[in-house]
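Participant: Have a look at this one.
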Amino acid sequence: MDLLFRPRRLRTSESLRKMVRETRVSRQSLVYPLFAVDGEGIVEEIPSMEGQYRYSVDRLSVILDQLMSAGINKVIVFGIPALKDSCGSQAFDDNGIVQRTIRYIREFYPSVYIITDVCMCEYTSHGHCGILDGKYVDNDQTLEYLNRIAVSHAKAGAHMVAPSDMMDGRVSSIRRALDEAGFVNVPIMAYSAKYASAFYGPFREAAGSAPAFGDRRSYQMDYHNRKEALKEVELDVAEGADIVMVKPALSYLDIIREVADRTDVPVAAYSVSGEYSMIKAAAKAGYMDEEKTVCESAVSIFRAGADILITYFAIDLARYMDEGKIG
Ligand code: PBG
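Going by my numbering, the first residue of the sequence shown is number 35, and it counts up by one from there.
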């Protein structure tokens, strides 16, 4: 046959396929979510997230050692406090679970880069991401609290803060608060396009952060929308976000792509708990090959334009890279 173009020519061997790959992945771009819980001697598996655990500070070495040997040196910390109240005061307590976790990691694992989730839902008795006015989350009052949380994380030694509350104006508010407290070099990774998503289900069990009433649709985004995500990103960048995030990842690859095309700051994607648990459950049932599915979905997120991937599969992915399965 007289065929001038034969795209298959570049697929004839493994080394050739690897040479012409368009997407490269690196463990430098991976961030692992870490659940720290108040108490002692705790390493408890999260029932909705097989293979993921909550750790008390005295047992954090269990997971940090695994991360170190996998060459993963970035974490995003979530705290599960023993006490919750209406204003989430444990979130900005200098001896809160996240603050103690930060100090522990700084002391014993100085090479780990610590990002903290700045939000209130794990700390409020009502489970919402801010201060309530009746049943409505009051935006402007919440900002004051977010400032306190971010500054207390930075004081404890957090390298970067990541507000995930979706209040309006929180990036500029936190930026000003950090600067005034002397933390001009603590970057903000804004959860900019964070959708109200069913894919957070397993996380809410992990963190005990399900709202006691209603849902988060008055602050997180409606998944029917695309332009709104671009607006949120634009606002956050204008307010001083150093990195913007799209969350969840797999159902929002279109959004990742558009954000990556339109903004000049690094783009993070959060492959959330539901994405993790779906793969785990399907693999356990024998419906899909876990390793291949994890590789394919992670690469798809980078291919969509993400520069940074937050994933519960970070350690697995590092191994797959070493084994040459992706990279
Ligand atoms: C806190 C927060 C949530 C997640 C990250 N930060 C939960 C939520 O918004 O309900 C979800 C992470 C995941 O599902 O893996 N607001």
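Ideal Cβ positions, reconstructed from N, Cα and C, are used throughout, including at glycine.
#1: Going by C-alpha to C-alpha distance, which of T150, M194, A116 and S120 sits closest to I67?
#2: Would you tell me roughly how many angstroms separate the C-alpha atoms of G203 and A348, rounded to the nearest one?
#3: In the DSSP assignment, what are the bridge partners of Y66?
#4: Nearest to K228 by CA position, among S206, R250, M255 and P236, is which residue?
#5: So what does DSSP say about D119, is it helix, strand or coil?
#6: Express the C-alpha separation of L98 and V278 in angstroms, rounding to a whole number.
#7: Take every Cβ of the stretch 102-112, pair it with every Cβ of the stretch 164-173, and state whether three or more of those distances are shorter than 8 Å.
#8: Any idea which residues DSSP pairs S305 with across the strands?
#9: Quick test of your reading: F69 and A240, contact by CB under 8 Å. State the CB separation rounded to the nearest angstrom.
#10: Can you have a look at R44 and say buried or exposed, based on whether 16 or more other CB atoms are within 10 angstroms of its CB?
#11: Can you tell me whether DSSP reads E325 as helix, strand or coil?
#12: What separation, rounded to the nearest whole angstrom, lies between the Cα atoms of T327 and D213?
#13: What does the alpha-carbon distance come out to for the pair D36 and T46?
#14: Using DSSP bridges, identify the partner residues of Y147.
Facilitator: Well, looking at it:
#1: The residue labelled residue 67 in the question sits at position 33 within the sequence shown. Here the sequence assigns Pro to residue 67, which means Ile is not the residue at that position. Nearest C-alpha to P67: T150.
#2: By one-based count along the sequence shown, residue 203 stands at place 169. By one-based count along the sequence shown, residue 348 stands at place 314. Taking the straight line joining both Cα atoms gives about 31 Å.
#3: For the purposes of this step, residue 66 is taken as residue 32 along the sequence shown, with counting starting at 1. Paired residue(s): V109.
#4: For the purposes of this step, residue 228 is taken as the residue at position 194 of the sequence shown. Nearest option by C-alpha distance: M255.
#5: The residue given as residue 119 occupies position 85 in the sequence shown. Three-state DSSP puts D119 in a strand.
#6: If you number the sequence shown from 1, residue 278 lands on position 244. If you number the sequence shown from 1, residue 98 lands on position 64. If I take the Cα positions, the gap works out to 26 Å.
#7: no
#8: Position 271 of the sequence shown, counting from 1, holds the residue named residue 305. According to DSSP, which records beta bridges pairwise, S305 is partnered with T345.
#9: Residue mapping note: residue 69 aligns to position 35 of the sequence shown, counting from 1. Residue mapping note: residue 240 aligns to position 206 of the sequence shown, counting from 1. Rounded, the Cβ-Cβ distance is 6 Å, consistent with contact.
#10: Locating residue 44 in the sequence shown gives position 10, where the first residue counts as 1. It should be noted that the sequence gives Leu, not Arg, for residue 44. L44 comes out exposed.
#11: Counting from 1 along the sequence shown, the entry for residue 325 is found at position 291. It is helical.
#12: To locate residue 327, count along the sequence shown from 1; it is residue 293. To locate residue 213, count along the sequence shown from 1; it is residue 179. Each residue's Cα considered, the two are about 42 Å apart.
#13: By one-based count along the sequence shown, residue 36 stands at place 2. By one-based count along the sequence shown, residue 46 stands at place 12. Approximately 19 Å between the Cα atoms of the pair.
#14: The residue you call residue 147 lines up with position 113 of the sequence shown. DSSP lists K108 as partners of Y147.
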